[in-house]
Amino acid sequence: MNASAERWRQSNKTTGRTAAAVRQQVAAMGSELFEVGLYNPNAGAGESVMIPRIWDAGTIVKSVPWLRLQNREGRNIYIRPKGEHDLNLVDHLTKEAVSAMKQAGIGPAEELRRTLSTGSAYLYVREVVLFANWASHDGVSVAQGWRLYGEPREVRNLVHEYLTRVGECRVMRRPDTLGIRVAYVNAVDATKINVRVLLAALKRLYEILSDSDLYAFPNPLVHAEAKCAIAEFRAGSRAAMIAFAGRPAMPPCSGIDPPDGIRLSENYFRLVRREWQPQSIDDPEFPRRVYATGERFGWTLREVCVARMLLESGARISEVFDLTAADWSVSGFGNQFSARSKGSFGQRVKTLVISNPTAKLFRRYFDQSRRFPAAEPLTVSALGRIQKRDPEQLLRIRIFLTQRGSPMTAGLFRDYYWRPALRAAGIEADPHTCRHWFVTNAMRHMEQAAMGDADLARHKQELIQYMACEVESEP
1495 MNASAERWRQ
1505 SNKTTGRTAA
1515 AVRQQVAAMG
1525 SELFEVGLYN
1535 PNAGAGESVM
1545 IPRIWDAGTI
1555 VKSVPWLRLQ
1565 NREGRNIYIR
1575 PKGEHDLNLV
1585 DHLTKEAVSA
1595 MKQAGIGPAE
1605 ELRRTLSTGS
1615 AYLYVREVVL
1625 FANWASHDGV
1635 SVAQGWRLYG
1645 EPREVRNLVH
1655 EYLTRVGECR
1665 VMRRPDTLGI
1675 RVAYVNAVDA
1685 TKINVRVLLA
1695 ALKRLYEILS
1705 DSDLYAFPNP
1715 LVHAEAKCAI
1725 AEFRAGSRAA
1735 MIAFAGRPAM
1745 PPCSGIDPPD
1755 GIRLSENYFR
1765 LVRREWQPQS
1775 IDDPEFPRRV
1785 YATGERFGWT
1795 LREVCVARML
1805 LESGARISEV
1815 FDLTAADWSV
1825 SGFGNQFSAR
1835 SKGSFGQRVK
1845 TLVISNPTAK
1855 LFRRYFDQSR
1865 RFPAAEPLTV
1875 SALGRIQKRD
1885 PEQLLRIRIF
1895 LTQRGSPMTA
1905 GLFRDYYWRP
1915 ALRAAGIEAD
1925 PHTCRHWFVT
1935 NAMRHMEQAA
1945 MGDADLARHK
1955 QELIQYMACE
1965 VESEP
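For the sequence shown, the numbering used here gives the first residue as 1495, with consecutive numbering after it.
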């Protein structure tokens, strides 16, 4: 009896220490909700390989005993913030690697933040972590001894296997324009990963590792012969132009010489170009159905404003939730917002336009519903005074907030307001569908108002440039 009591006391003491550590960690991450995953690659028949949960901090701490039990039975556990965030996890570091990072003064994640926008850094880290987790458990890769830190041949085999098996891409090795044998990646409709982001992230990862002396080989995502071949080709082209015209070739922007149309790359993996194609959502009643569904579900003024902006401006959902009071101030808090775009690194490069009735809803949301800070909630009039006194302060005021006053994220809106409401009404559409509907509606109006084929073609090209700001073929 005394032995059992002692074991219980020791177990309770350990659980207490674990709960304290978990409480401290989730508080440090400062997120409203967390994704919790319990992973067991060797789960038996009838058992789930992954047990996913979405919990707040209090639920996580209360569940520590159950989590410890699952961990003792062989499940690996991760806890991470739900939705977009600027936290990066560095794992499986050796003592030597930690020393090297300390000597350099920065780590790979910090280096990413220096050269990428926060959103891009998050995407890069996410793709690399998914790839690394797969590589450590894939049967073929483990049997072949392919390692992330191995020589370039091993890493390329890993990437090839991941693209074909997980991404369901078609990968073909053939010579490029310069005769260098590279791997061309064809992403198809069934492709389940973001190939462009993955290849760009891996290339940047190995650049950072090499610069930090943590990877002893050349970058496996860069073809070893490419740099010399490209230099030789450019030198030959320059000499040929001088021999033909008596001068070097002028840049395309000069209007003197046409672009040569040849795209040279040092990348070993080349993503075959897939241009943006507008998808038709030919349902004039789609906005009305969305608004009615939201009303039945109990959307507040905040969710209504978001939905109306998505449908009226064609903006990406991440662009909407990145808006600040400074973006709104460009129109005197009217119906226009400056906004970033994909690949603009946070720079405001375009203007989002909404209807005047929606602009009135925005002002009402700010004056009546966005009650933060609680002691003295900001109103549109207050924003005007701040603009005159200290315009830079507007940059720190986000348009959409949670009830706790933290910035509202695309993930929270998508998972807890949009999807439940539309699924309850039997509507299969995600927030990005609003973007496709906007394109369809805009093209319908252009076809009705165009003065001719040339005018229609010009307006369509302007729409494509606005909607598809970044169309790339390679990382």
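In this text, a Cβ means the ideal position worked out from N, Cα and C, and glycines have one as well.
#1: Could you tell me how far apart the beta carbons of SER1863 and LEU1804 are, in whole angstroms, since I believe they sit closer than 8 Å?
#2: Taking only runs that begin and end inside the stretch 1805-1886, name each unbroken alpha helix (DSSP H) of 4 or more residues, in chain order.
#3: Excluding the 5 residues flanking TYR1911 on each side, which residues of the same chain have their C-beta closer than 7 Å to its C-beta?
#4: Kindly indicate which three-state DSSP category ILE1893 falls into: helix, strand or coil?
#5: Between the alpha carbons of PHE1791 and PRO1781, how many angstroms are there, rounded?
#6: According to DSSP, is GLY1946 part of a helix, a strand, or is it coil?
#7: Evaluate ILE1702 with the Cβ neighbour count: other Cβ atoms within 10 Å of its Cβ, from every protein chain shown; 16 or more gives buried, anything less gives exposed.
#8: Measure the C-alpha to C-alpha separation of LEU1950 and ARG1898 and round it to an integer number of angstroms.
#9: Please classify TRP1770 as buried or exposed, where buried requires at least 16 other C-beta atoms within 10 Å of its C-beta.
#10: Apply the 10 Å Cβ neighbour rule to GLY1599 and answer buried if 16 or more other Cβ atoms are within range, or exposed otherwise.
#11: Cutting at 6 Å between CB atoms, please list the residues of its own chain near LYS1954, excluding the five before and the five after it.
#12: Let me know if VAL1634 comes out buried or exposed under the rule of 16 or more other beta-carbons within 10 Å of its beta-carbon.
#13: State the Cα-Cα distance for the pair ARG1728 and ASP1632, rounded to the nearest angstrom.
#14: Could you please give me the residues that DSSP links to PRO1669 through a beta bridge?
#15: Could you pull out every residue in the same chain whose Cβ sits closer than 7 Å to the Cβ of LYS1576, ignoring the five residues on either side in sequence?
#16: Helix, strand or coil for TYR1618 per DSSP?
#17: Using the C-alpha atoms, what's the distance from PRO1851 back to ILE1891?
#18: Could you compute how far the alpha carbon of LEU1693 sits from the alpha carbon of PRO1871?
#19: Among PHE1866, SER1835 and SER1825, which residue has its Cα nearest to the Cα of ILE1848?
#20: Check the DSSP bridge columns for ARG1474 and list the partner residues they point to.
#21: Could you tell me which of TYR1533, ALA1551 and ILE1545 sits nearest to ALA1514, measuring between CA atoms?
#22: Measuring alpha carbon to alpha carbon, tell me which residue in VAL1766, ASP1777 and PRO1742 is nearest THR1934.
#23: Starting from the Cα of VAL1649, find the closest Cα among GLU1662, MET1735, ASP1670 and VAL1622 and give me that residue.
#24: Reducing DSSP to helix, strand and coil, say where ILE1724 ends up.
A quick look at the data gives this:
#1: 18 Å between Cβ atoms; not a contact.
#2: 1811-1814, 1819-1823, 1850-1858 and 1874-1883
#3: TRP1793 and GLU1797
#4: coil
#5: 15 Å
#6: coil
#7: buried
#8: 48 Å
#9: Model confidence at TRP1770 stands at a pLDDT of 46, short of 50, so the residue's coordinates are unreliable and nothing is read from them.
#10: Note on GLY1599: pLDDT 47, under 50, position unreliable in the model; no value is reported.
#11: none
#12: exposed
#13: 42 Å
#14: ARG1675
#15: SER1525, LEU1527, PHE1528, GLU1529, ILE1548 and GLY1905
#16: helix
#17: 23 Å
#18: 45 Å
#19: SER1825
#20: The question about residue 1474 has no answer, for the chain in this structure spans 1495 to 1969.
#21: ALA1551
#22: ASP1777
#23: VAL1622
#24: helix
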